[in-house]
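Sequential numbering from 1 applies to the sequence shown in our numbering. Even glycine gets a Cβ: it sits at the ideal position worked out from N, Cα and C. Beneath this line is the structure, given in structure tokens, with notes to follow.
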Amino acid sequence: MSSTFSQAVAVATRAAVVPKLSPEEFAARAAESNLPFILGMIIPFFVLAFLAVMARMYVRFMVVKVMGIDDYIMLAAMACSCVAMGIFCWQTPHSLGRHQNTVSVADMITHRKANLIYSTVGAVLGLHLVKISICFLLMRFVNGRVYRIALWSIVIFLVLFTVACWGTLVFWCLPVRAFWDVSLRRLPSTYCYPIDQFTNVSLINTSFNIATDVLLASLPVHVIWNLQINHRQKVSLIGVLSLGYAAVALGVVKAIKQVQLLTDNDATWSQSVQMWGYVQLNVSIIASCMPALRPLFSWLSDAVSSNHRSRATGAQVNTRSGYFRQYDTSGTGQRTNVASGMRSFGGGDMESDVPLRDIKSGNTAFVSASASPNSGADKSWIDIEGDSGSEKEILPNGQHQGQTGIVRTTEVTVKSDNRKDWNAV
């Protein structure tokens, strides 16, 4: 967000400070355009962010069938991104990607007005809504009072910070119209704060935004590492949630462009601060949606795996009964495969794909299976839902009492847990 202050100040205080051009030079510069590069940078990330949010809504409505407050907040953040994209389109015929000394006074007024709307809606509100959504997402993982207080403190800080940023932007000049109409600044009744004050404010805002980005990207590492799940799942979840560091890197790039903007007399040509800020917003949206898409990825993985086994064995693959949910607050959720068979891992350990059908007692069932020639055990939990209250089959298909031959025993431990039934993250 902080970059928007410098963007607004740098552009608003330069009322086309340009050298005189000959008609030939003016025509040549007017024919040049940086618009393809700008649109080529922002449109792909906007499309990816939009698809990520739509996929998240599909998972919530069609798979999990439960919407959380973080999902609604993310929808609002995506709406802000759409508004920001509309502002880029609004600026396109007036000033975007054109040399500032070829832009008319009327078009510069439109440009500055669009910058103010972008700053308040896209750069401030949109980015802060993404962070607030991440806070509520992390609350699904934690039970500790300290963690919840910390997350709520971040939410409250971001709300107050948003209001403060709006006030600083909107009331930089009185009357507000002087922000985009620089001719009003010559009137004795008009007052605008000195640019050096805004430079200091922008640096403070940059520090706050980078600090909150780092905090929200780092906090999941400690939270997830303490969950009761296997090491591979921990690394996978931490990797997904740590995508927020990409937003941190983009924030640093935006801050560098912000410093350079203060001496740039051709800001409409590159729009570098707005461009990188918008990329940061959409990357933040994409990163925050990835954990919520895990049920969709799991379903695709199961579909591909089941199809592969069907072709390899020529047998009908059993389908699961019910929806295998994601991680709950203790982190003890892991999907199970439904096809019979065995898979070999390093060290001689064997993992059996054992169908455990029709288990439903009103509570969540957690299953731990152990079967290893080396007496090793798979400590991961499996979250299962079924259609009835009885266990109909534990052994793989074809293994029944009285069957002769070598018998391999699989120990299965089932316990019910009446904890809150958490939906997918």
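Counting only residues of its own chain and dropping the five nearest sequence neighbours on each side, Tyr278 has a CB closer than 7 Å to the CB of Ile42, Ala84, Gly122. Assigned with DSSP and collapsed to three states, Tyr191 falls in strand. Annotation: Met108 to Phe179 spans about 11 Å, alpha carbon to alpha carbon. Counting other Cβ atoms within 10 Å of its Cβ, Lys131 reaches 16 or more and is therefore classed as buried. Excluding sequence positions up to five before and after Phe26, its CB lies within less than 7 Å of the CB of Thr102, all in the same chain and listed in chain order. In the DSSP assignment, Cys173 is bridged to Cys192. Counting every other CB atom within 10 Å of its CB across the protein chains shown gives Met54 a total below 16, marking it as exposed. For Pro44, the uninterrupted alpha helix (DSSP H) segment begins and ends at 35–58.
Under the three-state reduction of DSSP output, His94 falls in the coil class, being neither helix nor strand. By the neighbour-count criterion, in which 16 or more other beta carbons inside 10 Å mark a residue as buried, His231 falls on the exposed side.
When C-alpha distances from Thr168 are compared across Ile149, Asn143, Thr120, the shortest belongs to Thr120. One thing to note: Ile73 has its Cβ no nearer than 8 Å to the Cβ of Ser153.
When only Cα atoms are considered, Leu48 and Asn282 end up about 8 Å apart. Under a 10 Å Cβ-count criterion, Val223 is classified as buried, with 16 or more other Cβ atoms of the shown protein chains found around its own Cβ. One alpha carbon belongs to Thr268, the other to Pro188, and they sit about 29 Å apart. In the same chain as Thr110, and ignoring 5 residues on each side of it, the C-beta atoms closer than 6 Å to its own belong to His94, in chain order. Contact between Ala106 and Ile87 is ruled out by a C-beta separation of about 17 Å, above the 8 Å threshold.
Between the beta-carbon of Cys289 and that of Ala52 there is about 4 Å, and that keeps the pair under the 8 Å contact cut.
Residue burial annotation: Arg177 is exposed, with fewer than 16 other C-beta atoms found within 10 angstroms of its C-beta. Cβ neighbours of Val214 within its own chain (closer than 7 Å, five residues either side excluded): Val248. With contact defined as three or more Cβ pairs closer than 8 Å, the segment 228–244 and the segment 252–268 are not in contact. Across the set Val66, Ile69, Ile117, His99, the C-alpha of Ile117 shows the shortest separation from the C-alpha of Cys82. Judged by DSSP in its simplified three-state form, Arg140 adopts coil rather than helix or strand. For Val221, the CB contacts under 6 Å within the same chain, skipping 5 residues up- and downstream, are Ile238 in chain order.
Between His128 and Thr92, the C-beta gap is not smaller than 8 Å, which leaves the two residues out of contact. Around the beta carbon of Cys89, a 10 Å sphere encloses fewer than 16 other beta carbons of the protein chains shown; the residue is thus reported as exposed.
In the displayed model, His99 falls within coil according to three-state DSSP, outside both helix and strand. If the five residues before and after Met275 are omitted, its C-beta is found closer than 8 Å to the C-beta atoms of Ile38, Met41, Ile42, all from its own chain and listed in chain order.
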